[in-house]
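Position 359 (the sequence shown) corresponds to 386 in my numbering; numbering is contiguous. Structure, as structure tokens:
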Amino acid sequence: MDSRHFVIVGGGTCAGAAARTLRAEGFDGQLTIISNEPVPPYERPPLSKQFLTGEVAADDLAINPVGWYAENKVDLLLETEASTLDTTAKTMTLDDGRRLGYDTLLLATGGRPRRLPDLDSDRVLYLRGIEDARRLAEHMSTGDRVVVLGGGFIGCEVAASARGLGLEATMLEMLDVPLQRVLGAELGEIIAQVHRDAGVDVRTGERVESVRDTGSGLRITTDRAVLDCGALLVAVGLQPNTELAEAAGIACDNGILVDAHCRTSATDVYAAGDVASHFHTSYNRHVRVEHHDNAIKQGAAAAKNMLGRQTPFTDQHWFWSDQYDHSLQSVGIATGHDEIVLRGDTATRQFSAFFCKDGQVLSVFALDRGKDIIGGRKLITAGLSVTAEQLRDESVNLARLVPRPTSQQAPQGA
């Protein structure tokens, strides 16, 4: 039996995936998960969608089966915080005063919603964990109007869920369109129209001036109107939970800085998931990604590297969002693009947008066109130069533009 003790701090997707990978890869030493959550590691994406609408129950969210932790001898410390970390002594102090030693540590501490100051009402809600989702679902069960502050993916998904339940919903976004930072103005306007057609009151370029609890609801005053509602969901971004790492002297900058192997600046300390600012060799810079798929794959990669595999994490980040009957997907990172090429028909809302630089595809966004995501991922990974005409031409099979490996050339990752 391996004499080492591996510790994972975190209770989300990344932590669950890392623990599962460690055992699957043959690590049979002591394994401990420290989580401030009340339940074992679970998936978060349904919290803004199927969990709110009652299609998915809490028990369905588990990353690993209920009995998996006991069967695999994983010590699961729930509702527990790691208060301090000493990377020299390789010890942690927990919030109940216990001290815990480790040989190798994974920080998968995730993030928390950015909060607005001076909003003291139980009708002002945030969405990150399962208890947040339960509170939001309880408010939505009253049938009152829901106002969503923020037009990012979480805000859009909650607005769609509210309409799916037959509730009146308002979306407040300070920018010109929802998802503007991700898609730009032209494509963001299409998403805005999707929500308007579904009955959402989408109000863009509008700033909240005050929020007052009237006792029976909330009164929101903006620079243009006064809105009454039963609950306000604030969805204005995520703050990475770096406090434990920073206090321990680990390098942080918009997340915990890690190299291509998920190693932090401290010996035998790794980080992955929403909290990790990971050096991606494809972009030659650090990127921090707040996606479910990234949390799973990066958690697994970190686990393998904790075991000495020395495998860089080079995955092309993929994300999806279900809104009404539409499937939104993206792959890659669009930062630095100099051209957007459209494929399909924006009028019918079945199209893909290719974000390119110097003829190379950096990222693809697709609305109800999953096949383009598959082809786009291959183009991004290959770093292949393609023309705008090839991308626009729907008769061109994008995946086949990438040459297959020859018999002398092993496939990537082999």
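Ideal Cβ placement from N, Cα and C applies to all residues, glycine included.
Residue i versus the options, residue with shortest Cα-Cα distance
{"i": "Leu-210", "options": "Gln-417, Leu-369, Leu-425, Arg-71", "result": "Leu-369"}
{"i": "Val-194", "options": "Lys-405, Ala-303, His-166", "result": "The amino acid occupying residue 194 in the given sequence is Leu; Val does not appear at that position. Nearest C-alpha to Leu-194: His-166."}
{"i": "Leu-103", "options": "Glu-213, Pro-68, Ala-415", "result": "Pro-68"}
{"i": "Arg-329", "options": "Ile-360, Ser-348, Val-285, Thr-118", "result": "The sequence given here places Ala at residue 329; Arg does not occur at that position. Looking at the Cα atoms, Val-285 is the closest of the given residues."}
{"i": "Glu-158", "options": "Arg-234, Pro-65, Val-221", "result": "Pro-65"}
{"i": "Ala-274", "options": "Gly-94, Met-119, Gly-43, Val-34", "result": "Met-119"}
{"i": "Val-175", "options": "Ala-187, Leu-199, Arg-161, Thr-169", "result": "Leu-199"}
{"i": "Ile-61", "options": "Glu-52, Arg-126, Thr-114, Gly-94", "result": "Arg-126"}
{"i": "Pro-140", "options": "Asp-130, Arg-155, Arg-150", "result": "Arg-155"}
{"i": "Arg-172", "options": "Gly-179, Leu-163, Phe-180, Gly-178", "result": "Leu-163"}
{"i": "Tyr-153", "options": "Val-429, Glu-421, Ala-258", "result": "Ala-258"}
{"i": "Pro-205", "options": "Gly-215, Ala-196, Ala-415", "result": "Gly-215"}
{"i": "Arg-404", "options": "Leu-428, Pro-339, Glu-236", "result": "Leu-428"}
{"i": "Pro-267", "options": "His-318, Leu-202, Gly-226, Leu-88", "result": "His-318"}
{"i": "Thr-169", "options": "Met-201, Ala-97, Gly-244", "result": "Gly-244"}
{"i": "Val-261", "options": "Thr-249, Gly-226, Asp-203, Gly-182", "result": "Gly-182"}
{"i": "Thr-241", "options": "Arg-150, Asp-86, Cys-289", "result": "Arg-150"}
{"i": "Pro-295", "options": "Gly-128, Arg-161, Gly-371", "result": "Strictly speaking, residue 295 in this sequence is Asp, with Pro absent from that position. Comparing Cα positions, the closest option is Gly-128."}
Neighbour flag for residue i against chain D, beta carbons, 8 Å
{"i": "Thr-107", "result": "In summary, chain D is missing from the structure at hand, where a single protein chain is found."}
Helix, strand or coil at residue i according to DSSP, with G and I counted as helix
{"i": "Ser-30", "result": "coil"}
{"i": "Leu-389", "result": "strand"}
{"i": "Gly-264", "result": "coil"}
{"i": "His-11", "result": "Given that the chain is displayed from residue 28 to residue 441, the structure contains no residue 11 and the question cannot be resolved."}
{"i": "Leu-192", "result": "coil"}
{"i": "Ile-60", "result": "strand"}
{"i": "Asp-320", "result": "helix"}
{"i": "Pro-140", "result": "strand"}
{"i": "Gln-337", "result": "coil"}
{"i": "Ile-217", "result": "helix"}
{"i": "Val-413", "result": "coil"}
{"i": "Gln-439", "result": "Interpretation of Gln-439 is limited by its pLDDT of 44, a score under 50 that renders its predicted location unreliable; no figure is taken from the coordinates."}
Cβ neighbour criterion (16 or more within 10 Å) applied to residue i
{"i": "Gln-350", "result": "buried"}
{"i": "Tyr-310", "result": "exposed"}
{"i": "Thr-269", "result": "buried"}
{"i": "Gly-43", "result": "buried"}
{"i": "Arg-315", "result": "buried"}
{"i": "Ala-293", "result": "buried"}
{"i": "Ser-188", "result": "buried"}
{"i": "Asn-332", "result": "buried"}
{"i": "Gly-440", "result": "Summary for Gly-440: the model assigns pLDDT 42, below 50, so the residue's position carries little reliability; its value from the coordinates is reported in the next sentence. Label assigned to Gly-440: exposed."}
{"i": "Glu-213", "result": "exposed"}
{"i": "Pro-438", "result": "With a pLDDT of only 46 at Pro-438, under the threshold of 50, the placement of this residue in the model should not be trusted; the figure read from the coordinates follows. By the neighbour-count rule (16 or more Cβ atoms within 10 Å), Pro-438 is not buried but exposed."}
{"i": "Ala-272", "result": "buried"}
{"i": "Pro-144", "result": "exposed"}
{"i": "Arg-419", "result": "exposed"}
{"i": "Ala-92", "result": "Strictly speaking, residue 92 in this sequence is Pro, with Ala absent from that position. By the 10 Å Cβ count, Pro-92 comes out exposed."}
Proximal residues to residue i (C-beta, below 7 Å), its chain only, five neighbours per side dropped
{"i": "Asn-63", "result": "Gly-38, Glu-106, Thr-107, Glu-108"}
{"i": "Leu-394", "result": "His-353, Leu-355, Arg-376, Gln-377, Phe-378"}
{"i": "Asp-280", "result": "Ser-304"}
{"i": "Lys-384", "result": "Gly-363, His-364, Asp-365"}
{"i": "Gln-343", "result": "Val-358, Gly-359, Arg-404, Ile-407, Thr-408"}
Cβ shell of residue i (< 6 Å), same chain only, five flanking positions each side left out
{"i": "Arg-246", "result": "Arg-239, Asp-255"}
{"i": "Ala-322", "result": "Thr-40, Cys-41, Gly-300"}
{"i": "Val-229", "result": "Met-198, Ala-219, His-222, Arg-223"}
{"i": "Ala-2", "result": "In this structure the chain extends from 28 to 441, so residue 2 is not present and cannot be described."}
{"i": "Ala-278", "result": "Leu-284, Ser-292"}
{"i": "Phe-180", "result": "Ser-348"}
Rounded distance between the beta-carbons of residue j and residue i, thought under 8 Å
{"i": "Ile-283", "j": "Leu-134", "result": "6 Å"}
{"i": "Val-358", "j": "Val-391", "result": "5 Å"}
{"i": "Gly-137", "j": "Val-263", "result": "Wrong, their Cβ atoms sit about 17 Å apart, outside the cutoff."}
{"i": "Leu-7", "j": "Val-185", "result": "Since the first and last residues shown for the chain are 28 and 441, residue 7 lies out of range."}
{"i": "Asp-360", "j": "Leu-389", "result": "What sits at residue 360 in the sequence shown is Ile, not Asp. So it is a contact: roughly 6 Å between Cβ atoms."}
{"i": "Arg-208", "j": "Glu-233", "result": "Not confirmed; about 17 Å, so no contact."}
{"i": "Ile-401", "j": "Ala-426", "result": "6 Å"}
Check: residue i C-beta below 7 Å from any heavy atom of the ligand ATP
{"i": "His-364", "result": "For the structure depicted, the ligand ATP is absent and the ligand set is empty, with no information on it obtainable."}
Residues near residue i by beta carbon distance below 8 Å, same chain, minus five either side
{"i": "Asp-29", "result": "Phe-54, Asp-55, Gly-56"}
{"i": "Thr-341", "result": "Ala-287, His-307, Thr-308, Ser-309"}
{"i": "Leu-49", "result": "Phe-33, Leu-58, Ala-330, Met-333, Leu-334"}
{"i": "Trp-95", "result": "Arg-47, Val-101"}
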